[in-house]
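J.:
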Amino acid sequence: MNNFNPNDIQAHASVIASCGTTIGKVDHLEGQDSIKLTRSDDENNEHHIIPLSWVSEIKDENVILNKSAEDARKEWKTV
14 MNNFNPNDIQ
24 AHASVIASCG
34 TTIGKVDHLE
44 GQDSIKLTRS
54 DDENNEHHII
64 PLSWVSEIKD
74 ENVILNKSAE
84 DARKEWKTV
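So that you can map any letter, position 1 of the sequence shown is 14 in the numbering used here, and since no number is skipped, the others follow by simple counting.
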């Protein structure tokens with residue numbers, strides 16, 4: 014179980030993979046269990062959805078993932 018409050022996730026917070034790479038910024042929480050990333054940070058101008066289960070912590074208002082950037086990009090949903 015994760016030790017963070019999803020309500021602490023702020024819009025436009027950086028989403029940082031476990032390898033230290035920023036993979037995007039938070040657009041908003043999507044439903045009860047996902048984060049929608051902004052499309053302005055995507056080279057194809059697309060939104061991506063990542064599950065809250067990938068979040069390991071909220072640190073300095075950044076969302077830190079338990080996945081590498083490579084794995085996150087392979088597994089996120091594009092909308």
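All C-beta atoms, glycine included, are put in the ideal place defined by N, C-alpha and C. Since we're looking at a predicted model, the values are computed, not measured.
1. Should residue 87 go down as buried or exposed, given a rule of 16 or more other Cβ atoms within 10 Å for buried?
2. Which partner residues does residue 107 have in the DSSP bridge list?
3. Between which residues of its own chain and residue 16 is the CB-CB distance below 8 Å, once the five residues before and five after are set aside?
4. Are the CB atoms of residue 62 and residue 85 nearer to each other than 8 Å?
5. Could you spell out where the beta strand (DSSP E) holding residue 72 opens and where it closes?
6. With 16 other CB atoms within 10 Å as the buried threshold, where does residue 24 fall?
T.: From the atom records:
1. exposed
2. Given that the chain is displayed from residue 14 to residue 92, the structure contains no residue 107 and the question cannot be resolved.
3. 70
4. no
5. 68-72
6. exposed
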